[in-house]
Amino acid sequence: MADYIVMPKLGFDMREGVLNTWLKQVGEPVTKGEVVAEIESDKATLELEAQVAGTLLHLLHNPGDVVPVGANMAIVGEQGEDISGLVGGNGAAPSPETTSEPEATTDESYPPAPQAHPSSPPASSAPDESFPGGVKATPVARRLAEDRQIDLLQVKGSGPDGRITKADVEAFVPAAPAPTAPTPAKETIASTPVAAGPDSEELGLTRLRQAIGRRMVESKTTVPHFYVTTEIDMAPALALRKQINASLPDELKVSVNDMIVKAAALAVRDFPNLNAAFAGDKIIRHKQISVGSAVAIEGGLTTVVQKDTDTSTLSKIAGDNRAMIARARDGKVRPDDVEGGTFTVSNLGVFDVDHFIAIINPPEAAILAIGSAREVPVVKDGQLAVGTRMKATISADHRVTDGAEAAQYMQRLKELLENPLRLLV
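Those letters in the sequence shown? Residues 0 to 424, by numbering that gives the first Met the number 0.
Spelled out as structure tokens, the structure:
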């Protein structure tokens with residue numbers, strides 16, 4: 000039976016993605032989990048895996064289309080199967096008579112409207128849930144409205160079926176606010192005006208840079224951060240790593256970060272509030288522990304997520320992270336690589352960083368910042384000696400946890416890394 004390949008949601012705040020290219024053509028066989036397209040989200044270019052198996056019967060979107068999360072992108076079924084009843088589904092391509100309209104240019108292309116079933120009631124003016132924000136608008140109109148901080152719900156569309164076009168946004172004049180109406184806090188957050196001179200260069204923000212800015216402002220203005228730092232003796236962990244890697248080929252070697260990720264996951268077991276999320280009137284504790292690792296990529300950073308980290312072997316963590324980081328830096332991230340994180344490690348140790356604090360990645364409750372492991376003077380048994388020390392700092396959401404619990408977590412992390420054989424049990 001025919002079924003859809005849909006646009007996945009990659010992150011809790013993703014609303015739409017851009018279809019870059021199809022890697023499969025109509026008539027070709029598709030297996031479940033096979034990469035069939037490349038899409039661009041706010042975070043990165045991702046490989047779209049088929050959720051169903053069969054023959055690719057119909058493509059519902061073309062490269063360059065902005066596709067809402069959950070919208071249908073293609074139809075897969077048995078060769079020769081009648082799919083006439085599916086072509087008009089959510090996110091479907093326009094009918095021939097729609098495509099024959101001389102509506103516009105590449106800039107004014109937009110995700111086509113779902114076709115109504117003959118038995119469907121007449122369309123109403125209520126927001127359409129199949130479009131981002133429930134508003135029918137072309138992609139260029141959305142981008143322009145975002146740049147100008149215009150609420151599309153206030154703009155009247157002149158396009159087909161009331162869709163908002165670029166011209167509508169350009170002509171929009173916001174109504175003066177009522178004197179007594181309070182201004183939402185988020186609207187007061189603005190960048191400092193900067194005039195570009197002859198010795199300056201203006202660079203447009205990428206989707207990734209926009210997403211980072213939006214998420215970090217949200218985190219720092221809505222999440223009450225607090226921080227706890229400890230210093231860890233890394234000599235035992237480094238010695239164990241050297242012993243482990245001595246018998247392994249290069250492609251299987253374990254990194255210091257892999258050991259830290261494993262220790263972070265084991266420590267979280269004892270402190271479930273740090274493996275949680277704040278949800279307004281409740282706290283959501285996750286049963287699965289999946290630790291994300293922040294990865295620097297061209298134009299920003301992303302977070303790859305190693306699943307079931309506390310129960311995974313050190314070699315599996317190393318292999319998973321190595322593969323995901325390579326895909327991230329090649330611009331070939333898979334949806335599963337960036338989904339499902341419950342706790343994050345941000346490691347700047349390779350950059351000779353002594354100590355830093357990280358911004359929590361919403362909706363997670365905590366993030367662990369790791370500095371460099373350095374040889375420093377230490378006191379052992381009353382004698383001055385040389386030791387290898389690393390500073391680690393946890394940033395935590397004070398709505399979910401408190402200082403004492405975060406401090407106990409750091410004690411547990413320190414204990415695991417200073418007795419690293421426990422990472423192998």
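Even for Gly, the Cβ is constructed at its ideal location relative to N, Cα and C. Just so it is clear, the structure is predicted and the values come from calculations on it, not from any experiment.
The alpha carbon of ALA73 has as its nearest neighbour, out of LYS31, ILE4, ILE324 and ALA357, the alpha carbon of ILE4. Per DSSP, the continuous beta strand (DSSP E) segment holding LEU47 begins and ends at 44–48. Spatial neighbours of VAL17 in its own chain (CB-CB distance under 6 Å, excluding positions within 5 residues in sequence) are listed in chain order as GLU39 and VAL65. DSSP places MET72 in no alpha helix (DSSP H) but in the uninterrupted beta strand (DSSP E) bounded by 71–76.
Just measuring C-alpha positions, the residue of VAL172, LYS379, ILE231 and MET6 sitting nearest ILE369 is ILE231. Bridge partners of ASN346 according to DSSP: ILE369.
PRO334 and ALA195 have their C-alpha atoms roughly 38 Å apart. In this structure, DSSP gives ASN244 a helical state, which the three-state scheme calls helix.
By the C-beta density criterion, ALA364 is buried, having at least 16 other C-beta atoms within 10 angstroms. Of the candidates VAL51, LYS165 and THR205, THR205 places its Cα closest to the Cα of THR44. Beta bridge pairing from DSSP links PRO376 with VAL385. LEU412 sits in a helix when the DSSP states are folded into three classes. In this structure, the straight-line span from the alpha carbon of PRO7 to that of THR308 is close to 23 Å.
Closest in C-alpha terms to PHE270, from the list PRO419, ALA406, GLY212 and LEU59, comes ALA406. Unbroken alpha helix (DSSP H) stretches of 4 residues or longer found wholly inside the stretch 278–333: 313–328, given in chain order. The C-beta distance from ASN320 to THR343 rounds to 13 Å, too long to meet the 8 Å contact threshold. For the options ILE149, ALA166, ALA403 and LEU151, the alpha carbon positioned closest to that of SER157 is the one of ALA166.
Distance from the Cα of PHE225 is smallest, within the candidate group THR392, LEU423, ARG14 and VAL424, for THR392.
DSSP places LYS219 in the helix class (H, G or I) of the three-state scheme. GLU80 sits in coil when the DSSP states are folded into three classes, being neither helix nor strand.
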